[in-house]
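Step one of this worksheet: look at the structure below.
Written as structure tokens, this is what we have:
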């Protein structure tokens with residue numbers, strides 16, 4: 493019996509790419525604790541994606557646009573509600589499949605849109621100075637990350653080596669990062685591309701963005717702190733960024749939109765629109781099994797529609813598979829902060845995690861971090877976003 | 493009669509992707525003012541690339557590695573020296589073909605490796621402060637750019653719009669950039685990929701890098717100046733980056749390697765190697781037909797091998813088609829500076845360009861910038877790198 497009402501119920505239907513037994517990776521949709529093999533459903537003539545579901549990434553489906561996304565969702569809903577034997581052999585327990593990267597990443601952009609996070613990091617990285625820089629409330633600050641090192645949930649994270657120099661050190665030294673951290677973020681996956689010179693207005697957000705995916709933007713704070721001026725983070729971030737294996741379509745999130753925080757000073761017209769909303773999504777960060785934080789997305793200062801409008805206002809094109817992430821999600825309260833540098837205030841105030849109640853400031857080898865999230869679904873249901881998890885392996889070399 | 497001795501002579505043999513008449517884009521090699529259709533050469537059985545030359549990008553060939561690159565070069569040299577009628581119909585005048593992007597870009601990284609450029613920009617962006625930040629001589633500063641907006645030579649550049657705020661303005665305003673600039677750079681194209689966690693040592697540079705290509709990293713200084721703190725340049729750069737249509741293989745540059753500048757303080761061991769060299773390449777920047785600068789690559793402080801070693805020392809993988817650029821090439825003298833913000837000292841000291849001797853500080857609509865470069869080839873020959881050119885079109889919207 494399929495679970496149609498839980499966090500992966502019929503109101504949710506996230507897409508991913510999976511392999512079962514020795515079969516080639518293909519597109520599936522999650523329903524409860526099962527995966528429906530959409531390439532198989534197409535092969536028996538019950539759905540038509542023009543072959544997109546047989547691809548090893550979601551990209552061909554993402555490129556088809558909102559009408560195709562809606563039609564596929566309607567048809568899958570119909571087939572699952574029906575629960576006839578037509579789907580026999582096309583459903584596999586999630587525990588028996590292997591997830592791969594759900595989409596081929598075009599460009600990866602990381603924003604910095606939580607006022608609480610930006611304020612905390614300003615205090616930690618530039619003590620004594622005004623934590624929010626003068627531009628922060630005028631535009632969604634962001635930068636490009638490394639798309640080639642975006643990995644799927646479950647991939648081990650090798651501790652990076654690099655240069656670091658504490659303010660008290662005379663010269664930089666090289667070695668494994670000693671301040672390895674996470675950033676709990678929400679990522680937005682672009683479906684419909686644009687041409688060079690074309691802008692995506694705030695109101696056109698949902699014509700281009702297919703859905704959302706949890707992101708952990710692993711960060712080596714010691715490497716980042718030494719390298720980031722004047723051109724921004726580079727090796728402190730580029731070693732790995734993890735994403736969940738399931739992409740939740742915007743169509744599942746209709747009950748989750750909320751009014752975003754008021755923006756003062758008023759933003760420029762290109763950052764306004766009638767469909768400019770936040771998302772009522774609450775994340776849960778587990779460190780070695782202990783919940784250390786529950787970052788709320790709703791108070792994010794800049795909305796995903798504003799981020800995309802900003803990203804394209806200079807005429808930059810977007811491609812199918814482009815990923816842009818929100819930046820670390822941190823709420824106003826300490827137990828809502830989405831990175832460990834905030835939670836332990838720069839490593840000065842340890843937290844206790846795991847069955848053995850061990851003290852932690854930054855990540856140790858063998859530590860596991862798992863981020864999950866929940867959003868309101870229609871009619872009192874709950875949507876559980878696909879988890880993103882990773883375990884730290886020791887540095888290679890050094 | 494083929495020109496075997498000029499800047500595109502038989503000692504050079506750069507690769508590109510071209511289309512002739514209505515035929516599909518394919519790989520070609522330039523010889524003099526002609527293009528040899530390598531897909532055609534393979535079709536008649538005179539060379540074997542396992543089909544790579546029929547692809548619409550160089551990527552399949554780039555992925556084959558140094559032995560395949562050397563074998564192809566040897567065979568093409570043999571065929572061209574022969575000058576028999578076997579190549580009849582397979583050579584097309586360059587003027588009759590259309591060049592497309594020579595490679596599909598994976599990640600695009602831009603370094604900042606000219607001490608003269610970094611010093612000039614430090615003075616212009618942070619007046620009164622120490623122009624070179626404390627990290628600059630310890631590591632090659634770099635950041636990720638937008639790979640989806642890398643375009644081939646000849647593509648028009650639409651003036652970007654965006655936010656800008658002069659220090660004297662009370663609030664930011666929106667509109668077309670008024671400080672549109674260039675950055676003359678040399679780009680390095682990765683052929684052989686690495687896995688996550690693998691480093692490329694300085695000495696392994698030529699096992700992974702296929703060749704070099706001229707780059708113009710168009711820059712909107714007003715947008716960049718307002719947005720770039722604390723996470724680096726974003727929309728001030730992401731609207732377009734132009735590359736030449738011809739990629740010069742490292743195999744052609746054996747006579748161009750030179751001793752790089754002494755590095756003081758000494759760099760960390762991972763940035764050293766026995767094969768750590770600079771390139772004796774001199775660029776020429778033409779603005780509306782007037783040569784305004786001749787930036788020399790030889791004095792670049794950080795070498796391309798050091799840049800790749802740094803880029804991967806944290807375990808970040810590289811992919812076939814990754815492009816990393818040197819950063820603006822500026823020499824010690826004013827007529828060697830590779831950006832207009834330097835040449836006109838922030839717009840304060842105009843230059844005179846074009847047949848009508850017009851004054852310029854930054855780019856006006858209709859202006860054309862063309863960058864070429866020359867390197868020593870073997871036996872007193874000269875290598876002319878493929879040009880990168882673009883013309884500014886008026887902003888759309890505003």
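Residue numbers (my numbering), protein chains in the order written: chain A, 493 to 890; chain B, 493 to 890.
Each residue gets a CB set at the ideal place from its N, CA and C atoms; glycine is no exception.
Small disclaimer: the values here were computed from a predicted structure and weren't measured.
The continuous beta strand (DSSP E) containing residue 779 (chain A) extends over residues 774-779. In this structure, residue 526 (chain A) places its C-beta atom within 8 Å of the C-beta atom of residue 583 (chain A). Annotation: the continuous alpha helix (DSSP H) that includes residue 796 (chain B) extends over 796-804. Look at residue 692 (chain A): its C-beta is not under 8 Å from any C-beta on chain B. At a cut-off of 8 Å between beta-carbon atoms, residue 772 (chain B) makes no contact with chain A. In this structure, the straight-line span from the alpha carbon of residue 553 (chain B) to that of residue 836 (chain B) is close to 42 Å. Per the coordinates, the alpha-carbon of residue 725 (chain B) lies some 26 Å from the alpha-carbon of residue 791 (chain A). Interface criterion not met: the Cβ of residue 710 (chain A) is under 8 Å from no Cβ in chain B.
Contact between the segment 688-696 of chain A and the segment 651-671 of chain A is absent, with fewer than three C-beta pairs closer than 8 Å. The Cβ atoms of residue 603 (chain B) and residue 816 (chain B) sit closer than 8 Å to each other. For the segment 676-735 of chain A, the full-length beta strand (DSSP E) segments reaching 3 residues or more read 676-682, 701-708, 733-735 along the chain. Judged by pairs of C-beta atoms under 8 Å, the segment 818-836 of chain B touches the segment 656-675 of chain B, as three or more such pairs exist. In the three-state reduction of the DSSP assignment, residue 871 (chain B) falls in the helix class. In the DSSP assignment, residue 583 (chain B) falls within the unbroken beta strand (DSSP E) covering 583-585. At a beta-carbon threshold of 7 Å, the residues of chain B lying near residue 630 (chain A) are 655, 664, ordered along the chain. Residue environment for residue 534 (chain B): buried (at least 16 other C-beta atoms within 10 angstroms of its C-beta). DSSP assignment within the segment 495-525 of chain B yields the following whole beta strand (DSSP E) runs of 3 residues or more, N-terminal first: 507-512, 518-523.
Residue 661 (chain B) has a beta carbon lying at 8 Å or more from every beta carbon in chain A. Rounded to whole angstroms, residue 687 (chain A) and residue 773 (chain A) show a C-alpha spacing of 31 Å. For the pair residue 623 (chain B) and residue 753 (chain A), the Cα-to-Cα distance works out to about 39 Å. Contacts with chain A at 8 Å (Cβ-Cβ) do not include residue 576 (chain B). Interface residue (Cβ-Cβ distance to chain A less than 8 Å): residue 599 (chain B) is classified as such. Following the DSSP letters along the chain, one finds residue 611 (chain A) inside the alpha helix (DSSP H) bounded by residues 607-617. With a beta-carbon spacing of about 12 Å, residue 594 (chain B) and residue 683 (chain B) fall beyond the 8 Å limit used to define contacts. With contacts defined by Cβ atoms closer than 8 Å, residue 731 (chain A) and residue 806 (chain B) form a contacting pair. Residues of the segment 637-648 of chain A whose Cβ lies closer than 7 Å to any Cβ of chain B, in chain order: 637, 638, 639, 640, 641.
Chain B has no Cβ within less than 8 Å of the Cβ of residue 545 (chain A).
Residue 735 (chain A) and residue 538 (chain B) have their C-alpha atoms roughly 47 Å apart.
Boundaries of the beta strand (DSSP E) harbouring residue 851 (chain B): 850-852, taken from the DSSP string.
CA-CA distance, residue 826 (chain A) to residue 728 (chain B), rounds to 35 Å.
Straight-line spacing of the CA atoms in residue 645 (chain B) and residue 880 (chain B) works out to 5 Å. Counting the other Cβ atoms within 10 Å of the Cβ of residue 858 (chain A) gives fewer than 16, which makes it exposed.
A straight-line Cα-Cα distance of about 18 Å links residue 576 (chain B) and residue 565 (chain B). Around the CB of residue 690 (chain A), fewer than 16 other CB atoms lie within 10 Å, so the residue is classed as exposed. Secondary structure note for residue 552 (chain A): it is in no beta strand (DSSP E), and the uninterrupted alpha helix (DSSP H) holding it is 551-554.
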